[in-house]
Amino acid sequence: MRRSPSAEVGAASATQRTAAGGRSGIGRLVPRLPILGDLRLGRRLGWVIPVLIVLVTAIVGYNARAIAQQRGSALIVNTAARQRALVERYTKDVLLVVDGFQADPEESGEAVRQPVNVLLDGGSVRAPQGDGSRVEIPPARDWKVRRKLEQDRRLIDELIRTGDRLLDGGRAAPDYAAGVTRLRVLSAQLSSVSNDAAQEITQQTEASLSRLVRIEIALGLLSVLAALAVGLLLRRAGAEQAAQFRSLVNNSSDLITVLAPDGKITYQSPSVQRLLGRRAADLVGTALGDLVHPDDRHDVNTSLTRLVEAPGATANLGCRLQHQDGSWRHVESICTNLADDPRVNGLVLNIRDVTEQAALRKSIGDLLHNLARRSQGLVDRQLELIDELERSEVDPDRLDELFRMDHLATRMRRNVENLIVLSGVDQRRRWSESVPLRDVVEAAVAEVEDYSRVQVAGVHDLTLSGQAASDVAHLLAELVENATSFSSPTTRVEVSGGPTGNGYVLEIEDHGIGMSDAELAEANRRLAEPLAADIAVSRMMGFHVVGRLAARHGIRVQLRHCWFGGVAALVLLPAVLLGSAGEQPAMAPPVPAGVMVSPEPLLVAKATASGWQPRAHLPLRRHAAPAPNRGGDTDAAAGAGEPVE
Amino acid sequence: MAWTRAGRRWAWALALVLAALALAVPLTVARRHEPTPSGTPVNVLLKDFEVQADAAVVPAGTVSFRILGQGPTTHEFVVVRTDRAPDKLPLQRDGLTVNEEAPGIDLLDDAGSLDIDDRQTLVLRMAPGHYVMYCNFEGHYLGGMHAALTVR
């Protein structure tokens, strides 16, 4: 069973659909916004969002333009205003030179020309902040401003010509007085026109800024409207999606139940009406446990208690829930602990009705059981016949052949019993008294065809509950046969045992090629969580049977790699099944399968139970005849007790 | 008569149009209506730096000065009664503007600032005599921005 093809259920061919495939029109143009999550943009929303983006961009652009314009305008006004001072300086420089003082009218004349040239033709001027930086000023575009500046330039030319004449003629010139007056008049006219230009520029700047402000206000209002529209449409989209979700939840065949940590239902989807005939509102506030079948309540409580302690964890749960009419519905549930999610704050159970599957499973189980029972009867009759032949046969060669037939038939019977185990019918053999563990082990070994390769050593003198003896022998036989089947015929399979703190461990080691980590994990999963009878079981039947048998008695079985190669199967027999010689061991209560899952490894402890004594009981399997070379005595074993069917 | 829904809609639309017309027409008419200046008209042109009038002599009575600014500089229009020659008006201490409070100068009125293409009408009741029209911004008068007017 170990190296059967790892029949992974076919690689799932996931069909992926692109979101774009289902979108049309604006939906293709507008990218999905991550902030919206899976909220779908409607057609209107798809248009409004770009409009909003355009408006906001326009506001930002206009702001930038306004700031740039404001700065440039301030510089222009400053430049225009500065001209008056420069004209006065030039006039003084001319008069100073004429009067014989030191001055540089040529330089101040150039300084007078520069601002108007820059304002008219564009250019760079020194920034008023005084950090030495220069700022580009565009040429004036307004016709009124240009006309004033051109007049300014003409007056400056005339001013400088007048100044030059004064400088050339000096005080002695006959038109000196007229020249000085003309210089002052021109200076005043220049001041007038400069102020005029500066005022015009200021007015235009104010008008431009005012226009920008009005446009920004309009854009802002439009943005507010667009934002409101986006909000309304988003709300509408959210409401539609919520309605869609509600409709899905209400019409789903599955139940969605949210449990508080104390087990009370805090939310119940309305589909419970169809499944259990109950109103969702009536269930809110009640305990889920009230609906669970009494036989399942312990498992459910155990699983939910574990889940409550692990936020974010998920667990599968199977149980029966009571319908309003008193019938029971089989359900399977995926439970997720979302206690950390403030929007849920509880355990979310996605419950599916599997009553029909359960009935089908039971039918399969019944079918398996019926077929197996018929085969079992035939095999038993065959074994009785072989037994009679063995008793009457004296020829050693024929006897050897009869023993081989006996083994084959015994193996067939075990296969049949496997089917009975898988059918779910508990029809095991039980003995009223405890059985020596060593005898159980040897009986298991004797059921294996290649028993001669098996070496039993170090099994302590303990007794095993008679209730579990048959199942344990079956379980061990499956494991031993697996070990002999998948190891070299020239190697030995060793069975040993040792006590642990909470029971006794039997270890079956082979020297085969071993298993991969994935195979080992899968096998251990099968052992820990045996499935119900279905198609998948047929692929790893042995492990399923072992898992089921182990689950009946709270036995843990685990496979692991051997350090020298091969695989070791560890079987932990719980203390409740064991007893020392002279004691009557207690009956092991059946333990649910869930209890079998344990994260702690099975460790073989040092032998410490030195006080245990063997008992004079032998395993009772009639045809588990020991091989001649092992010195067993099946007849002696036969009289120790009677199986309890 | 029972109004249909469509009929009511048309009636509302018609009422709105009529209301809009009732509001718009008077406004348009009022905009177009400019008071006709009374008295003798004198067209005055102000430009850098001269004052041009289309009449040098006008009859006594009401005179309407229809002033047009041609710039490029902003100018003002001042009318004083004086017997002085137009270029001999007394100046203030800055030497650049006319002293309108000086003896022999009788300020009649002035028409604020006129920028390029600005128009104003100044209506004055003028007795017979000599008058000077000028701009009294700094340097403008001395730049030649004055003209004489005789009223008979």
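Residue numbers (the working numbering), protein chains in the order written: chain A, 61 to 705; chain B, 312 to 463.
We treat Cβ as the ideally placed atom computed from N, Cα and C, and that holds for glycine.
Secondary structure of residue 386 (chain B), DSSP reduced to three states: Taking the first residue of the second sequence as position 1, residue 386 (chain B) is located at position 75. In the displayed model, residue 386 (chain B) falls within a strand according to three-state DSSP.
Neighbourhood of residue 709 (chain A) by C-beta, 7 Å cutoff - its chain only, sequence neighbours within 5 removed: Because residue 709 (chain A) is not part of the residues shown, which for chain A are 61 to 705, the question remains open.
Of all Cβ atoms in chain A, is any one closer than 8 Å to the Cβ of residue 351 (chain B)? Position 40 of the second sequence, counted from the start, is the residue given in the question as residue 351 (chain B). By this cut-off, residue 351 (chain B) is not an interface position.
Please compile the residues from chain B whose C-beta is within a distance smaller than 8 Å of the C-beta of residue 147 (chain A). By one-based count along the first sequence, residue 147 (chain A) stands at place 87. Under the 8 Å cutoff, chain B gives no residues; its nearest Cβ is about 11 Å from residue 147 (chain A).
On the three-state DSSP scale, how would you describe residue 560 (chain A)? In the first sequence, the residue the question calls residue 560 (chain A) occupies position 500. In the structure shown, residue 560 (chain A) sits in a strand (DSSP, three-state: E or B).
Whole-angstrom distance between residue 274 (chain A) and residue 143 (chain A), CA atom to CA atom: Position 83 of the first sequence, counting from 1, holds the residue named residue 143 (chain A). Position 214 of the first sequence, counting from 1, holds the residue named residue 274 (chain A). The C-alpha of residue 143 (chain A) lies about 33 Å from the C-alpha of residue 274 (chain A).
Helix, strand or coil for residue 236 (chain A) per DSSP? By 1-based counting over the first sequence, the position of residue 236 (chain A) is 176. Residue 236 (chain A): helix per DSSP, three-state reduction.
By DSSP, does residue 307 (chain A) sit in helix, in strand, or in coil? Locating residue 307 (chain A) in the first sequence gives position 247, where the first residue counts as 1. Of the three classes helix, strand and coil, the one that applies to residue 307 (chain A) here is helix, per DSSP.
Inter-residue CB distance, residue 568 (chain A) and residue 540 (chain A) (contact presumed, cutoff 8 Å): Within the first sequence, residue 568 (chain A) is the residue found at index 508, counting from 1. Within the first sequence, residue 540 (chain A) is the residue found at index 480, counting from 1. Distance from residue 568 (chain A) to residue 540 (chain A) at the Cβ level is roughly 6 Å; contact confirmed, criterion being Cβ atoms closer than 8 Å.
Got a sec: is the Cβ-Cβ distance from residue 383 (chain B) to anything in chain A below 8 Å? Looking up residue 383 (chain B) in the second sequence gives position 72. So, interface residue.
Between residue 211 (chain A) and chain B, is any beta-carbon pair separated by less than 8 Å? Taking the first residue of the first sequence as 1, we reach residue 211 (chain A) at position 151. Yes, because at least one Cβ of chain B sits closer than 8 Å to the Cβ of residue 211 (chain A).
What residues in the region 203 to 229 of chain A have a beta carbon less than 8 Å from any beta carbon of chain B? From the region 203 to 229 of chain A, only 204, 207, 208, 210 and 211 have a Cβ closer than 8 Å to chain B.
Using the Cα positions of residue 320 (chain B) and residue 282 (chain A), report the straight-line distance between them to the nearest angstrom. In the second sequence, counting from the first residue as 1, residue 320 (chain B) sits at position 9. In the first sequence, counting from the first residue as 1, residue 282 (chain A) sits at position 222. Rounded to the nearest angstrom, the two C-alpha atoms are 30 Å apart.
Simplified DSSP state of residue 424 (chain A), which is helix, strand or coil: Position 364 of the first sequence, counted from the start, is the residue given in the question as residue 424 (chain A). Helix, per DSSP.
I need the straight-line Cα distance from residue 233 (chain A) to residue 456 (chain B), nearest angstrom please. In the first sequence, residue 233 (chain A) corresponds to position 173, counting from 1. In the second sequence, residue 456 (chain B) corresponds to position 145, counting from 1. It is roughly 27 Å from the alpha-carbon of residue 233 (chain A) to the alpha-carbon of residue 456 (chain B).
Any Cβ of chain A within less than 8 Å of the Cβ of residue 344 (chain B)? On the second sequence, residue 344 (chain B) is found 33 positions in, with the first residue counted as 1. In this predicted model, residue 344 (chain B) has a pLDDT of only 49, less than 50, meaning its place in the structure is not dependable; the value taken from the coordinates is given anyway. At a cut-off of 8 Å, the C-beta of residue 344 (chain B) has no neighbouring C-beta in chain A.
Reducing DSSP to helix, strand and coil, say where residue 424 (chain B) ends up. Counted from its first residue, the second sequence places residue 424 (chain B) at position 113. If DSSP states are grouped into helix, strand and coil, residue 424 (chain B) belongs with the strands.
Inter-residue Cα distance where the pair is residue 609 (chain A) and residue 546 (chain A): As a position in the first sequence, residue 609 (chain A) is number 549, starting the count at 1. As a position in the first sequence, residue 546 (chain A) is number 486, starting the count at 1. The alpha-carbon atoms of residue 609 (chain A) and residue 546 (chain A) are separated by roughly 22 Å.
Burial state of residue 618 (chain A) (16 or more Cβ within 10 Å): As a working note, residue 618 (chain A) is residue 558 in the first sequence. With 16 or more other Cβ atoms from the protein chains shown falling within 10 Å of its own Cβ, residue 618 (chain A) counts as buried.
Under 8 Å, with one C-beta from each stretch per pair, do the region 380 to 395 of chain A and the region 403 to 422 of chain A reach the 3-pair mark? Enough Cβ pairs lie closer than 8 Å, so yes.
Assuming residue 350 (chain B) and residue 375 (chain B) form a contact by the criterion Cβ under 8 Å, report the distance between their Cβ atoms to the nearest whole angstrom. Numbered from 1 along the second sequence, position 39 holds the residue referred to as residue 350 (chain B). Numbered from 1 along the second sequence, position 64 holds the residue referred to as residue 375 (chain B). Confirmed, Cβ separation roughly 5 Å.
If the cut-off is 8 Å on Cβ atoms, which residues from the region 358 to 371 of chain B count as contacting chain A, listed in chain order? Hits within the stretch, in order: 359 and 360.
Endpoints, the alpha helix (DSSP H) within which residue 365 (chain A) is located: On the first sequence, position 305 is the one that residue 365 (chain A) refers to. Note, residue 365 (chain A): alpha helix (DSSP H), 354 to 368.
Whose Cβ in chain A lies nearer than 9 Å to the Cβ of residue 329 (chain B)? As a first step, residue 329 (chain B) is located in the second sequence; it is residue number 18 there, counting from the start. Among the residues of chain A, none has a CB under 9 Å from the CB of residue 329 (chain B); the nearest is roughly 30 Å distant.
Can the beta-carbon of residue 385 (chain B) be found closer than 8 Å to that of residue 359 (chain B)? Here residue 385 (chain B) is taken as the residue at index 74 of the second sequence, counted from 1. Here residue 359 (chain B) is taken as the residue at index 48 of the second sequence, counted from 1. Their beta carbons are not under 8 Å apart, which means residue 385 (chain B) does not touch residue 359 (chain B) by this criterion.
How about the region 313 to 328 of chain A and the region 423 to 436 of chain A: do they share at least three Cβ pairs that are nearer than 8 Å? Judged by pairs of C-beta atoms under 8 Å, the region 313 to 328 of chain A does not touch the region 423 to 436 of chain A, as fewer than three such pairs exist.
Listing by chain order, which chain A residues have their CB less than 9 Å from the CB of residue 376 (chain B)? Within the second sequence, the letter at position 65 stands for residue 376 (chain B). Here the premise fails: no neighbours, minimum Cβ distance about 22 Å.
Can you say whether residue 175 (chain A) is buried or exposed, counting buried as having 16 or more other CB atoms within 10 angstroms of its CB? The sequence position of residue 175 (chain A) within the first sequence is 115, counting from 1. Around the beta carbon of residue 175 (chain A), 16 or more other beta carbons sit within 10 angstroms, so the residue counts as buried.
Report the residues of the region 250 to 277 of chain A with a CB closer than 7 Å to any CB of chain B, ordered along the chain. Those residues of the region 250 to 277 of chain A that come within reach of chain B (Cβ to Cβ, closer than 7 Å) are 251, 252, 253 and 256.
Interface partners of residue 440 (chain B) on chain A, CB under 8 Å: Mapped onto the second sequence, residue 440 (chain B) falls at position 129. The premise fails here: residue 440 (chain B) is roughly 29 Å from chain A at the closest Cβ pair, so nothing lies under 8 Å.
Top-ranked residue by Cα proximity to residue 628 (chain A), from A:397, A:349, A:351 and A:583: As a working mapping, residue 628 (chain A) is identified with position 568 in the first sequence. Its Cα nearest to that of residue 628 (chain A), the residue A:583 stands out among A:397, A:349, A:351 and A:583.
Would the beta-carbon of residue 508 (chain A) fall within 8 Å of that of residue 528 (chain A)? As a working mapping, residue 508 (chain A) is identified with position 448 in the first sequence. As a working mapping, residue 528 (chain A) is identified with position 468 in the first sequence. Not closer than 8 Å, so no.
Whole-angstrom Cβ separation of residue 519 (chain A) and residue 501 (chain A), contact assumed at under 8 Å? Within the first sequence, the letter at position 459 stands for residue 519 (chain A). Within the first sequence, the letter at position 441 stands for residue 501 (chain A). With a Cβ gap of about 5 Å, residue 519 (chain A) and residue 501 (chain A) count as contacting.
For my contact list, residue 180 (chain A) and residue 148 (chain A) are in at a C-beta cut-off of 8 Å; report their separation, rounded to the angstrom. Counting from one through the first sequence, the residue named residue 180 (chain A) turns up at place 120. Counting from one through the first sequence, the residue named residue 148 (chain A) turns up at place 88. At roughly 21 Å, the Cβ-Cβ gap does not stay under 8 Å, so residue 180 (chain A) and residue 148 (chain A) are not in contact.
From residue 168 (chain A) to residue 219 (chain A), what distance separates their C-alpha atoms? Position 108 of the first sequence, counted from the start, is the residue given in the question as residue 168 (chain A). Position 159 of the first sequence, counted from the start, is the residue given in the question as residue 219 (chain A). Approximately 12 Å, taken between the alpha carbons.
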